[in-house]
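Trainee:
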Amino acid sequence: MSKKGSTTVVMRSDDYLRALLSDTTPSELPIIISNDGFYKNMKNFETYTGWANEFFTKVLLPNDDSKRPSKPLSIRIIKDETSHRRLGLPHPRAQLEVARFYEKFEDLIPYYCQRSSFSLRQPRRVAGRYYISNPNENIYSEKKSTVTTLDNELISKHPASFFAYSGFHRLHEFFNSPLYNSLERRFAKMCMLDISNCFGNIYTHSITWATKSQRKAKAYTGAEMYGSAFDRTMQVMNYNETNGIVIGPEISRIFAETILSRIDFDVEHRLKMSENNKLTARKNYAIGRYVDNYYIFYDQDQDLNQIKIEIEESLSDYKLAINEKKTELVSRPFYTKKSMVISELNSLLKALVDPLTSQVKIGKATRQFPSRILSTARLFKAFASSLRRACYVSGVGYEDVTSYVTAALKLRLKKILEDGHEIYELAPDGRAAFNLPNQQAELDALYSQAIKFHLEAAFHTFSLCPNVASSLNLASMLVQSAEFLRKTSKDDFYSLREKVQLWTASLIETQHFSRSEPTKHVTAIEVLNILCALRAFGFDGTYFSDAVDSCRRIGSSPNYFSIVTKLYLFQDDEDCASLKMELISSSIKLFKENSDLSLHSSSLHLLLDLLACPYLDIRCRRLIFREAMKAHNAAQRDTAIPFPNSNTDLDKILSQFAGRDWFVDWKVTNLKRMIEKKQLSRAYE
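To convert, note that position 541 of the sequence shown is 541 in UniProt numbering; the numbers rise steadily by one, no gaps.
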């Protein structure tokens with residue numbers, strides 16, 4: 001049953017390509033990059049004819065040669081001040097292999113993930129519907145599930161996940177749940193364990209061990225082939241590697257969940273059948289596992305030792321191990337450093353941020369209205385000091401709080417601005433009736449003040465330890481603020497624009513953004529996200545070229561992400577013509593280094609996006625096409641594709657690529673929607 005005021009989107013159960021929208025890529029990609037165009041192009045593949053059709057058949061479409069490998073685009077992003085996280089963007093062909101795997105085994109995937117009684121989040125079934133409050137907007141009243149609709153445009157704007165999940169969407173939901181409270185009442189102690197480099201150490205062949213000997217599973221068609229088919233799908237995605245899987249896509253989490261679910265099953269069985277000390281789950285102990293983290297609740301230390309031994313033994317059977325350095329023991333109250341800092345942050349927000357709004361009753365609805373700030377400087381000083389104190393007393397670093405604080409600021413500002421649109425629509429006399437300012441200037445000043453404080457606080461928090469999650473929060477705030485002030489007060493818009501320039505300049509001067517060592521091999525996704533969001537303020541290409549030049553981390557090692565993002569930022573600005581030619585030269589160099597388009601994810605992503613780019617003229621696209629295809633044909637005879645020499649014939653080919661986005665949304669019409677989609681697709685924390 002749909003929620004009141006929402007639109008129910010019922011999805012087609014036979015559209016397995018919808019997996020491309022949610023399950024085949026990492027969520028930590030630049031704002032402007034998604035699989036929307038890829039999905040639409042595959043749904044309308046028959047429109048590609050002649051040379052283009054042959055090209056896609058050879059380098060993109062899966063074929064009967066299931067051993068044909070592909071290399072994911074491997075990137076590293078900032079995790080915290082001292083460490084990085086490695087992610088992989090699979091080759092588009094490997095992503096289509098995933099969709100084909102889903103088509104064959106959609107019923108078995110949830111089945112094999114449900115054998116665990118420990119798992120805190122697992123796929124339960126193929127999703128059939130989800131709700132949006134308005135099909136023309138990107139406001140999600142309830143993210144129920146997925147399955148594709150007849151309207152390809154609608155599903156690409158409002159994708160959910162391929163499967164409907166049970167359990168907790170975020171780990172912090174578990175710690176704030178009635179279940180957690182009941183476990184604290186029942187058990188006196190808790191132990192936290194972490195699997196060491198889980199995704200990097202998973203042995204792909206072990207999926208067959210995890211799925212064999214299941215009598216009930218054989219009732220499903222193809223059950224005997226499931227393990228080997230899943231194994232091959234993951235290998236094809238990762239250059240036929242059997243040690244480790246690509247990190248980032250949801251399909252990888254499902255693969256890991258399948259194996260870990262079997263391990264959970266084995267642990268529970270072994271404990272129950274132990275000859276010396278039989279332990280029964282939910283009676284003698286309880287375990288919650290969230291992805292690769294175990295939370296063990298118990299009373300007796302000897303029981304914990306036995307549980308740990310069985311977990312270690314079961315993990316060892318699958319070539320996995322516990323990271324002893326991350327093991328933590330807690331006695332009641334179950335109050336960890338993370339719990340403490342969240343409590344401190346909530347107190348900070350309640351004391352300093354929540355009083356910045358008051359509630360106004362308009363009709364039957366309650367709206368948030370900004371209160372006057374007597375001294376923004378004093379308030380910001382108190383905010384920064386309280387944030388520092390919260391980390392200090394909790395014994396955590398800024399890396400543990402930036403995402404939470406920026407998310408809280410984003411949600412509060414979003415509510416102010418959403419309600420503000422309704423308040424601005426009231427006539428002056430109507431506002432006076434609700435004790436609201438009837439003078440336009442006074443109203444503008446209150447909203448401008450509220451926006452500036454929230455943004456300054458978010459910029460400050462983000463700069464302390466930037467990461468992709470907090471960059472999405474700040475980017476969302478920037479875009480919403482720009483859109484709001486463009487409609488309500490042009491003077492305040494330009495005033496905020498100047499402030500944003502100053503905050504951004506200050507941000508770029510911090511060590512995180514200005515240094516090129518030792519993070520030269522790290523992709524600055526969080527930097528690219530902020531720059532993309534600044535497009536909402538109408539800055540020209542020259543501004544972005546200066547910002548890019550100042551931020552050395554972007555230009556230290558050109559790759560697919562930095563090249564296409566810079567092109568998006570520079571657009572048609574004539575002052576950036578020479579910089580665009582440098583990007584083309586960098587692209588050609590990358591095509592020569594990774595020449596096989598059917599193998600290298602980076603090369604195929606880059607080529608398809610450049611051929612669709614509206615900011616490159618026909619001469620540039622001819623050059624890119626010729627150089628990429630010459631390199632490909634020289635490297636790969638089996639998939640070599642002769643191409644015409646004449647410009648006339650070549651232009652006919654290029655016309656099929658022009659204006660048809662693949663991965664980059666070159667003409668982003670709704671940055672807010674793009675950002676929200678990224679945040680909705682972040683399945684785990």
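Backbone N, C-alpha and C fix where the C-beta goes; we use that ideal spot for every residue, glycine too.
Taking all protein chains shown into account, decide if residue 149 is buried (16 or more other Cβ within 10 angstroms of its Cβ) or exposed.
Mentor: Numbered from 1 along the sequence shown, position 149 holds the residue referred to as residue 149. Its pLDDT being 38, under 50, residue 149 is placed unreliably by the model, and nothing is read from it.
Trainee: Does the stretch 301-312 come close enough to the stretch 273-287 that 3 or more CB-CB pairs lie under 8 Å?
Mentor: Result yes; three or more Cβ-Cβ pairs closer than 8 Å.
Trainee: Give me the Cα-Cα distance between residue 565 and residue 364, rounded to the nearest whole angstrom.
Mentor: On the sequence shown, residue 565 is found 565 positions in, with the first residue counted as 1. On the sequence shown, residue 364 is found 364 positions in, with the first residue counted as 1. Rounded to the nearest angstrom, the two C-alpha atoms are 45 Å apart.
Trainee: Relative to the C-alpha of residue 688, which residue among 611, 453 and 293 is closest?
Mentor: With the chain covering 1 to 685 only, the question about residue 688 has no answer from this structure.
Trainee: I believe residue 411 touches residue 348 by the beta-carbon criterion, under 8 Å. Please report the beta-carbon distance rounded to the nearest angstrom.
Mentor: Against the sequence shown, residue 411 aligns to sequence position 411. Against the sequence shown, residue 348 aligns to sequence position 348. In fact, because the Cβ distance is near 15 Å, the residues do not count as touching under 8 Å.
Trainee: Going along the chain, which residues of its own chain have a beta-carbon closer than 7 Å to the beta-carbon of residue 74, five neighbours each way excluded?
Mentor: The residue you call residue 74 lines up with position 74 of the sequence shown. Cβ neighbours of residue 74 beyond the five flanking positions: 86 and 88.
Trainee: Give me the Cα-Cα distance between residue 169 and residue 119, rounded to the nearest whole angstrom.
Mentor: Numbered from its first residue, the sequence shown carries residue 169 at position 169. Numbered from its first residue, the sequence shown carries residue 119 at position 119. So the alpha carbons of these two residues sit roughly 12 Å apart.
Trainee: What do you get for residue 145, buried or exposed, if any count of 16 or more other CB atoms within 10 angstroms of its CB means buried?
Mentor: Taking the first residue of the sequence shown as position 1, residue 145 is located at position 145. Low per-residue confidence applies at residue 145: pLDDT is 35, beneath 50, and the placement is therefore not dependable enough to give any value.
Trainee: If distances are taken between C-alpha atoms only, which option among 165, 500, 441 and 99 comes closest to residue 121?
Mentor: Counting from one through the sequence shown, the residue named residue 121 turns up at place 121. Measuring from the Cα of residue 121, the nearest candidate turns out to be 165.
Trainee: Rounded to a whole number of angstroms, what is the C-alpha to C-alpha distance between residue 25 and residue 37?
Mentor: Within the sequence shown, numbered from 1, the residue matching residue 25 stands at position 25. Within the sequence shown, numbered from 1, the residue matching residue 37 stands at position 37. Using only the alpha carbons, I get a separation of about 14 Å.
Trainee: Nearest to residue 691 by CA position, among 523, 499, 245 and 372, is which residue?
Mentor: Since the first residue shown for the chain is 1 and the last is 685, residue 691 is missing from the structure and cannot be characterised.
Trainee: Could you check if residue 15 is buried or exposed, using at least 16 other CB atoms within 10 Å of its CB as the buried criterion?
Mentor: Translated into positions along the sequence shown, residue 15 becomes position 15. It is buried - the Cβ of residue 15 has at least 16 other Cβ atoms within 10 Å.
Trainee: Please report the distance separating the alpha-carbon of residue 361 from that of residue 367.
Mentor: Within the sequence shown, numbered from 1, the residue matching residue 361 stands at position 361. Within the sequence shown, numbered from 1, the residue matching residue 367 stands at position 367. Between residue 361 and residue 367, the C-alpha separation is close to 6 Å.
Trainee: Take every Cβ of the stretch 575-583, pair it with every Cβ of the stretch 96-110, and state whether three or more of those distances are shorter than 8 Å.
Mentor: Taking 8 Å as the limit for Cβ pairs, the verdict is that the stretch 96-110 does not touch the stretch 575-583.
Trainee: Return the first residue and the last residue of the alpha helix (DSSP H) that residue 543 is part of.
Mentor: For the purposes of this step, residue 543 is taken as residue 543 along the sequence shown, with counting starting at 1. It spans 541-550 - the alpha helix (DSSP H) in which residue 543 sits, taken as one unbroken run.
Trainee: Does the stretch 199-210 come close enough to the stretch 258-266 to have 3 or more Cβ pairs within less than 8 Å?
Mentor: Yes, the stretch 199-210 is in contact with the stretch 258-266.
Trainee: Taking the straight line between their C-alpha atoms, what separation do you get for residue 512 and residue 466?
Mentor: Working through the sequence shown from its first residue, we reach residue 512 at position 512. Working through the sequence shown from its first residue, we reach residue 466 at position 466. Cα to Cα, the separation comes out at about 8 Å.
Trainee: Taking 9 Å as the cut-off, decide whether the C-beta atoms of residue 598 and residue 648 are in contact.
Mentor: Start at 1 with the first residue of the sequence shown, and residue 598 comes out as number 598. Start at 1 with the first residue of the sequence shown, and residue 648 comes out as number 648. Cβ atoms of residue 598 and residue 648: not closer than 9 Å.
Trainee: Which runs of the alpha helix (DSSP H) fall wholly inside the stretch 53-89 and span at least 4 residues, in chain order?
Mentor: Here no run is fully enclosed.
Trainee: Which first and last residues belong to the beta strand (DSSP E) in which residue 286 is found?
Mentor: For this step, residue 286 is matched to residue 286 along the sequence shown. Segment 286-290, the beta strand (DSSP E) holding residue 286.
Trainee: Let me make sure I understand the geometry here. Which of 195, 228 and 196 has the alpha-carbon closest to that of residue 67?
Mentor: Against the sequence shown, residue 67 aligns to sequence position 67. Ranking the options by Cα distance to residue 67, first place goes to 228.
Trainee: So, helix, strand or coil for residue 700, using DSSP?
Mentor: Missing from the structure shown is residue 700; the chain here goes from 1 to 685 and no further.
Trainee: What is the residue span of the alpha helix (DSSP H) that residue 611 lies within?
Mentor: Residue 611 sits at position 611 when you count from the first residue of the sequence shown. Taken as a continuous stretch (DSSP letters only), the alpha helix (DSSP H) holding residue 611 covers 601-612.
Trainee: On the DSSP bridge list, what partners appear for residue 763?
Mentor: The chain is shown from 1 up to 685; residue 763 falls before or after that span and cannot be answered.
Trainee: Alpha helix (DSSP H) containing residue 570: first to last residue?
Mentor: Locating residue 570 in the sequence shown gives position 570, counting from the first residue. It spans 560-570 - the alpha helix (DSSP H) in which residue 570 sits, taken as one unbroken run.
Trainee: Assuming residue 162 contacts residue 282 (C-beta within less than 8 Å), just tell me the rounded distance between them.
Mentor: The residue given as residue 162 occupies position 162 in the sequence shown. The residue given as residue 282 occupies position 282 in the sequence shown. With a Cβ gap of about 31 Å, residue 162 and residue 282 do not count as contacting.
Trainee: Taking the C-alpha atoms as reference points, what is the distance between residue 270 and residue 404?
Mentor: The sequence position of residue 270 within the sequence shown is 270, counting from 1. The sequence position of residue 404 within the sequence shown is 404, counting from 1. So the alpha carbons of these two residues sit roughly 39 Å apart.
Trainee: Pick from 506, 318 and 329: whose alpha carbon is nearest that of residue 299?
Mentor: Locating residue 299 in the sequence shown gives position 299, where the first residue counts as 1. Of the candidates 506, 318 and 329, the one whose C-alpha sits nearest the C-alpha of residue 299 is 329.
Trainee: To the nearest angstrom, report how far apart residue 417 and residue 399 are at their CA atoms.
Mentor: One-based indexing of the sequence shown puts residue 417 at position 417. One-based indexing of the sequence shown puts residue 399 at position 399. C-alpha separation (whole angstroms): 28 Å.
Trainee: According to the Cβ coordinates, are residue 752 and residue 167 closer than 9 Å?
Mentor: Limits of the chain in this structure are 1 at one end and 685 at the other, which puts residue 752 out of reach.
Trainee: Tell me which residues share the same chain as residue 568 and place their Cβ nearer than 6 Å to its Cβ, disregarding the 5 neighbours each side in the sequence.
Mentor: One-based indexing of the sequence shown puts residue 568 at position 568. Closer than 6 Å at the Cβ level, and outside the excluded window around residue 568, lie 32.
Trainee: Given a threshold of 16 other Cβ atoms within 10 Å of its Cβ, counted over all protein chains shown, does residue 136 qualify as buried or as exposed?
Mentor: Here the question's residue 136 lines up with position 136 in the sequence shown. Low confidence applies here, because residue 136 scores a pLDDT of 40, under 50, leaving its location unreliable; read the following figure in that light. Residue 136 is exposed by the Cβ-count criterion.
Trainee: How big is the Cα-Cα spacing for residue 35 and residue 634?
Mentor: Within the sequence shown, residue 35 is the residue found at index 35, counting from 1. Within the sequence shown, residue 634 is the residue found at index 634, counting from 1. About 29 Å.
Trainee: For residue 393, count the other beta carbons within 10 Å of its own beta carbon; 16 or more makes it buried, fewer makes it exposed. Which is it?
Mentor: For the purposes of this step, residue 393 is taken as residue 393 along the sequence shown, with counting starting at 1. Classification of residue 393: exposed, given that the 10 Å Cβ count is below 16.
Trainee: I need the straight-line Cα distance from residue 600 to residue 525, nearest angstrom please.
Mentor: To locate residue 600, count along the sequence shown from 1; it is residue 600. To locate residue 525, count along the sequence shown from 1; it is residue 525. If I take the Cα positions, the gap works out to 20 Å.
Trainee: What does a CB cutoff of less than 8 Å around residue 500 pick up in its chain, not counting 5 residues either side in sequence?
Mentor: Reading the sequence shown from its first residue, position 500 is the one you call residue 500. Only 455, 478, 534 and 537 meet the Cβ criterion.
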